[in-house]
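Notes for the one structure printed next.
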Amino acid sequence: MKVKSSVLLITIGFLVMLAACSGGNEAGQSAPEPNDQPAEQQGAAEENDEAATEPLGTMKVGLVCGGMTPLLAQIGINDGSFAAEGLEVEEICFSSGADAVQALVGGSIDANLGSYEHVLRFADNELDVKTYGQLYNGASYSLVVKEDAPFQDISELAGETIAVTRAGSLSDTALRKGFEGTDIDPDRDVEIIGSGSGATMLAAIENNQVAGGMVSEPTVSQMVATGDYRVLYDPDFDYAGIVVMSMADWVDEHSREMETFLKVMLDIYERSVEDPASVVEVMQGNFPEVPPDVLQMAIEAQLSKVPDGLRVTEAGAENVVETAIELGVIEQPVSYEEAVDLSYLP
């Protein structure tokens, strides 16, 4: 009897097991095992998995540190967003855009976050450097005056002295464009001087050496937050400002790196716009002297200038071309197709 009972129990257990196996399949057939795939499909899936997780190595990115125009890249470096996608981004600081672009041509950096006009210079010299995305649409400088200054509009500055970072700089270009449509000729009716940036610019305004100065973030928000200063003119024209540029042959060989770099920055932008406060702590290390509430103001101002999809518009690019020709930066127009490649954006 014990033997018969054991056999019966084994038989029942076996039947229950069969029923369980067929229960998840509507046809009543046993479900295939995960590996029940053709060998070709399995091999392709494994290759795709490896490609998705394979580290991309290091990308050396140059930028002029101290300002906020490369904000999206700075966030990604600080919070590990690039590293999480397998891309190590090494930040290389430069004191000027000119130094950064020389490093790019020399091969000591892989990409540069700088003014679109540098790309035009390269094209004018028949060097194959292209723009792959844009981080800032505009001139990235605002004209700041004292709160009690008698001016209410840029058109009222005739006869005054105004400070820019240096002659021929982006701050100079933005100021001159601001006078377009007014009765002021910037070469005749005002005096434009170079006074550097940061503390020297602030001192020039504070000591009444100039009527106002072209200032970038986060200094703009810091000055306004004191209640002693206000923005007289904030350039709002479409202008290809700070872009992602690289040698075309490097991008040809490192397409996944460039695609990942751009994708991560676009992701960062979308989540930062939703919650700017979440970025403050991430950026506090870059600007330790800026109070958190003021830093958030600066971040929000910066994010408002990021173009849709990080895309360079033809109008914005053309405005830079026209200005560059007027200032003698380039001799011949450079077409949008010649200087811009947006195919690596998501």
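According to the numbering used here, the sequence shown is numbered sequentially starting from 1382. Heads up, the beta-carbon is just placed ideally off N, CA and C, and yes, glycines get one too. These numbers come from a predicted model, not from an experiment.
With the cut-off set at 9 Å, would you say PRO1436 and LEU1444 are in Cβ contact? No. Outside cutoff.
At what residues does the alpha helix (DSSP H) containing LEU1691 begin and finish? Counting along the chain, LEU1691 sits inside no alpha helix (DSSP H), nor does DSSP assign it H or E at all.
Mind the definition here: the region 1688–1701 touches the region 1656–1666 only if three or more C-beta pairs lie below 8 Å; say whether that holds. Judged by Cβ distances under 8 Å, the region 1688–1701 makes no contact with the region 1656–1666, as fewer than three pairs qualify.
Excluding sequence positions up to five away, which residues of its chain have a Cβ less than 8 Å from the Cβ of LEU1684? Around LEU1684: LEU1452, TYR1650, SER1653, VAL1654 and PRO1657.
With respect to the alpha helix (DSSP H) encompassing SER1523, which residues constitute its N-terminal and C-terminal limits? Run containing SER1523: none in the alpha helix (DSSP H); it sits in the beta strand (DSSP E), 1523–1527.
For LYS1644, does the three-state DSSP call read helix, strand or coil? Per DSSP, reduced to three states, the secondary structure at LYS1644 is helical.
Strictly by DSSP, which residues pair up with ALA1492? Looking at the DSSP assignment, ALA1492 forms a beta bridge with VAL1442.
Where does ALA1698 fall in DSSP's three states? The DSSP-derived three-state label of ALA1698 is helix.
Express the C-alpha separation of TYR1614 and GLY1438 in angstroms, rounding to a whole number. Going from the Cα of GLY1438 to the Cα of TYR1614 covers about 43 Å.
With a cut-off of 8 Å on the beta carbons, I'd call ASN1700 and ASP1630 a contact; round off their distance for me. That belief does not hold up - the Cβ atoms of ASN1700 and ASP1630 are roughly 28 Å apart, past 8 Å.
Candidates GLY1709, ARG1557, ALA1544 and SER1597, of which the one nearest ALA1585 by Cα: Residue ALA1544 is the option with its Cα nearest to ALA1585.
Using the C-alpha atoms, what's the distance from VAL1710 back to VAL1687? Computed Cα separation, rounded: 25 Å.
Where PRO1415 falls: helix, strand or coil (DSSP): Here PRO1415 scores only 45 on pLDDT, less than 50, and its place in the model should not be relied on; the value that follows carries that caveat. In the displayed model, PRO1415 falls within coil according to three-state DSSP, outside both helix and strand.
Drop a sphere of 10 angstroms on the beta-carbon of LEU1389, count the other beta-carbons inside from all chains shown, and report buried for 16 or more, exposed for fewer. Any reading at LEU1389 must be qualified, since the residue scores a pLDDT of 35, below 50, and its modelled position is unreliable; the value itself is stated next. Per the 10 Å Cβ criterion, exposed.
Using a 10 Å radius around the Cβ and a threshold of 16 neighbouring Cβ atoms, would you call ALA1696 buried or exposed? Exposed.
Relative to the C-alpha of PRO1727, which residue among GLN1713, PHE1642 and GLU1707 is closest? Among GLN1713, PHE1642 and GLU1707, the Cα nearest to that of PRO1727 belongs to PHE1642.
Helix or strand or just coil, what does DSSP make of GLU1670? Correct three-state label for GLU1670: coil.
Cβ neighbour criterion (16 or more within 10 Å) applied to ASP1564: ASP1564 counts as exposed, since fewer than 16 other beta carbons sit within 10 angstroms of its beta carbon.
Under 6 Å Cβ to Cβ from PRO1714, same chain only, skipping five residues before and after it: list those, please. Taken in chain order, the residues that qualify are VAL1702.
Cα-Cα, which of ASP1509, ALA1504, ASP1505 and LEU1516 is closest to GLY1495? Here the closest residue by C-alpha is LEU1516.
Return the Cβ separation of GLY1593 and THR1546 in integer angstroms, given the expectation that the two are a contact with Cβ distance under 8 Å. That pair is no contact at about 13 Å.
Tell me whether the region 1464–1471 and the region 1669–1678 touch, counting them as touching only if at least three CB pairs, one residue from each stretch, are closer than 8 Å. Verdict: no, contact absent.
Cβ atoms of VAL1525 and GLU1499: under 9 Å apart, would you say? Checking the sequence shown, residue 1499 turns out to be His, not Glu. With respect to the 9 Å criterion, HIS1499 and VAL1525 are not classified as neighbours on the basis of their beta carbons.
According to DSSP, simplified to helix, strand and coil, what is LEU1708? Coil, per DSSP.
Whole runs of the beta strand (DSSP E) within the region 1533–1589, excluding any shorter than 3 residues: Whole beta strand (DSSP E) segments, 3+ residues: 1542–1545 and 1572–1575.
Where does the unbroken beta strand (DSSP E) through ALA1530 begin, and where does it stop? No beta strand (DSSP E) contains ALA1530, which DSSP labels as neither H nor E.
Reducing DSSP to helix, strand and coil, say where TYR1725 ends up. The answer is coil: DSSP assigns TYR1725 none of H, G, I, E or B.
Exposure label - SER1477; buried when at least 16 CB within 10 Å: By the neighbour-count criterion, in which a residue is buried when 16 or more other Cβ atoms sit within 10 angstroms of its Cβ, SER1477 is exposed.
Are the CB atoms of THR1704 and THR1554 nearer to each other than 9 Å? By the CB criterion at 9 Å, THR1704 and THR1554 fall inside the cutoff.
Could you tell me the distance, in whole angstroms, from the CA atom of LEU1485 to the CA atom of ASP1529? About 45 Å.
LEU1566, buried or exposed, once every other Cβ within 10 Å from all chains shown has been counted against 16: In the sequence as displayed, the identity of residue 1566 is Asp instead of Leu. Exposed, since its Cβ has fewer than 16 Cβ neighbours within 10 Å.
Alpha carbon to alpha carbon, what distance is there between ALA1606 and ALA1679? One alpha carbon belongs to ALA1679, the other to ALA1606, and they sit about 10 Å apart.
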